[in-house]
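For the numbering used here, add 72 to where a residue sits in the sequence shown, where the first one is 1.
The structure appears right after this line, and notes come after that.
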Amino acid sequence: MVMVKILVENKGDHIQIHPLGHRIYNLTPHPVTVNHITFPPSGRVARVEERVALEADFAPFTLRHIKTGKVIDLPPEKEGVWYIVSRPVALAAIGRKDLLVPDEFIRDKEGNIIGAKALATFEREEVME
């Protein structure tokens, strides 16, 4: 693990990281708290397009087959900018190095998620047989 001391500055719609100069925008509809740093929603929400392709009613529940499509409202990659997104968005846009997801959740006594200990990125690993 690499430990880097940073200064975090809340700019309203994003968080500025010093001395790196990076900006982090939260593209989820709710605040995201990571180790006591709260990233406010930027006002833009990235999401994955989806539609119900098949639905069957099995009393007492319904079973749906959902097809996913493209990622909506995800800005293009930009030097020095990271985006906090939902896990489905990060997985649908795998390969993007600028997407961050909350990881290692912190829960209250009732089990509700109240924050995270880390931010993570995803990368597809090719499995050799």
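C-beta: ideal position from N, C-alpha, C; glycine also.
Between the segment 182 to 191 and the segment 116 to 128 there are fewer than three inter-stretch CB-CB distances shorter than 8 Å, so the stretches are not counted as touching. Contact between the segment 148 to 168 and the segment 87 to 106 is present: 3 or more CB-CB pairs across the two stretches fall below 8 Å. By the Cβ criterion, the segment 80 to 91 is not in contact with the segment 138 to 147, since fewer than three pairs of Cβ atoms, one from each stretch, lie closer than 8 Å. For Val143, the enclosing beta strand (DSSP E) has its first and last residue at 133 to 144.
Taking C-beta atoms as the reference points, Pro101 and Val117 count as a pair closer than 7 Å.
Val161 is not a Cβ neighbour of Thr140, given a cutoff of 7 Å. Residues Val120, Val143 of the same chain have their beta carbon placed closer than 6 Å to that of Ala164, with the five preceding and five following residues left out of the count. Annotated three-state conformation of Leu163 is helix, per DSSP. Taking the Cα of Ile186 as reference, the smallest distance to any Cα among Phe194, Arg168, Asp175, Glu195 is reached at Asp175.
If you check the CB distance, Leu99 and Val157 come in under 7 Å. Bridge pairing for His94: Ile89 [DSSP]. In the three-state reduction of the DSSP assignment, Arg196 falls in the coil class, being assigned neither a helical nor a strand state.
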